[in-house]
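In my numbering, the protein residues as written are 399 to 843.
One structure below.
Next up, the structure:
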């Protein structure tokens, strides 16, 4: 490996990897004091260290009888040193935990490895066509390939790694930290051994590069799956905690309601007398009594705590936004569905109906009807609401003109996925600007 080739790939390791994990920090993370002094200083130190290793490597390769084991150990040491320098540099320049920094550094290392291996593989596949070209033409083509591989890496960053990076900073744990460290050491060792054989056994070098590429892709995919699973657990835990908190609030609310009913029963003695006399005061009193009855009915305790909590929450929200929500609920419905899934299912159904109702210009149409029943071994939910505009169907899913279309589509898809999880199905019908959604789930035998 000549000094020019060394500088190309060492600069890639130093600069590209550092920028990869630091760019998201410019947007999401707070910089430390004196950032504009420490950041350029860090870059200069990286460059000087790279120059130092370049000189040492050039001297080492000039020695005819240098030991292969020594060369392998030397490569491993320099890669580990660079890795630690990146971690230290991020800690100096940005505010963040060691978990976040190691996560960013490892993901950047993986992306760099994919980029490097892709570049070498391209050169390998088209290298036989270089024989008739001049040295200048070969260097020009190599430069184009180098640019192309970095465009390829940027595409991975935009479509995959960036989302993974943002998600991972909120789902880090000691187990994931250990995975990152093991992955980094594995990649460093594979790459270090591969470089030793780059001039001795190109077949083995090629196989090691492919192995490194596969390991890098496995790390990205497995990390993404682990993060998704961790996020799912956190969401479920959040819902369970909310349910427990709401159950406590419901008990306090029921106790307060009982006291309120006792007081109102006492006042009814005087109010009945006014009602018998008639007149404007009687009409006003009847309206107040009707409102009290409606409020009480909406907050009655249901045997199914999850249904009671979610329906009471949504009723309160609808009342504040002048939406009339009426519901009939069978406490024996959906007993085979987990509390978390039931909360998510009904929550998504009502959220979609509420959003459609809020968009209606005719306030008299802001009405939502929900019927939750259990009959013939089938638990069912039916939700009716008005809507405006035209609904489009894409891949069997209704699309709306919601600003955050991706999240809204996820809500509809979530309803369908939860129904299928328990062997059920979703049926959607639209007629006369009325949206009717039915969810049917077989009950456990």
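Beta carbons are placed, not taken as given, at the ideal position from N, Cα and C, and that holds for glycine.
For the options 738, 841, 723 and 477, the alpha carbon positioned closest to that of residue 748 is the one of 723. Ranked by Cα distance from residue 737, the first of 606, 634, 450 and 519 is 634. Under a 10 Å Cβ-count criterion, residue 619 is classified as exposed, with fewer than 16 other Cβ atoms of the shown protein chains found around its own Cβ. With contacts defined as CB atoms closer than 8 Å, residue 586 and residue 474 qualify as a contacting pair.
Shortest Cα-Cα distance from residue 785 to any of 812, 775 and 756 involves 756. In the assembly as shown, residue 626 is an exposed residue. Its beta-carbon has fewer than 16 other beta-carbons within 10 Å. In the three-state reduction of the DSSP assignment, residue 831 falls in the coil class, being assigned neither a helical nor a strand state. Inter-segment contact for the segment 435-454 and the segment 482-499 is present: three or more beta-carbon pairs are separated by less than 8 Å. Residue pairing by DSSP places residue 768 opposite 725 and 781 in a beta bridge. Here residue 837 carries a strand assignment [DSSP, helix/strand/coil]. Put simply, the segment 706-725 touches the segment 754-772. At least three CB pairs are less than 8 Å apart. In the structure shown, the three-state DSSP call for residue 773 is strand. Going by beta carbons, residue 839 and residue 735 fall inside the 8 Å limit. Cα atoms of residue 760 and residue 629: separation of roughly 40 Å, rounded to the nearest angstrom.
The beta carbon of residue 814 is closer than 7 Å to those of 824 in its chain, skipping five residues each way along the sequence. Less than 8 Å separates the beta-carbon of residue 521 from that of residue 543. With a cutoff of 8 Å on beta-carbon distance, residue 514 and residue 582 are scored as not near each other. A distance of 8 Å or more separates the beta carbons of residue 726 and residue 782.
Between residue 731 and residue 772, the C-beta spacing is below 8 Å. Distance from the Cα of residue 631 is smallest, within the candidate group 579, 604 and 739, for 739. Counting along the chain, the unbroken alpha helix (DSSP H) around residue 755 starts and ends at 737-756.
Contact annotation: residue 780 and residue 704 have beta-carbon atoms that are not nearer than 8 Å.
With fewer than 16 neighbouring CB atoms inside 10 Å of its own CB, residue 546 falls in the exposed class. Remark: C-beta atoms of residue 486 and residue 444 do not approach each other more closely than 8 Å. Within its own chain, the residues whose Cβ lies closer than 8 Å to the Cβ of residue 826, once the five positions on either side in sequence are excluded, are 796, 833, 834, 835 and 836, listed in chain order. In this structure, residue 810 lies near residue 750, with their beta-carbon atoms less than 8 Å apart. As the crow flies, the alpha-carbon of residue 775 is around 32 Å from that of residue 715. Each of 777, 479 and 717 was checked against the Cα of residue 765, and the nearest Cα belongs to 717. In this structure, the CA atom of residue 706 is about 11 Å from the CA atom of residue 728. Under DSSP, residue 619 forms no beta bridge with any residue. Proximity to residue 822 across 812, 709 and 830 peaks at 812, based on C-alpha coordinates.
Rounded to whole angstroms, residue 441 and residue 741 show a C-alpha spacing of 51 Å. The C-beta separation of residue 516 from residue 550 comes to about 6 Å, placing the pair in contact by the 8 Å criterion. Counting the other Cβ atoms within 10 Å of the Cβ of residue 450 gives fewer than 16, which makes it exposed. Annotated as proximal: residue 500 and residue 579, with beta-carbon spacing under 8 Å.
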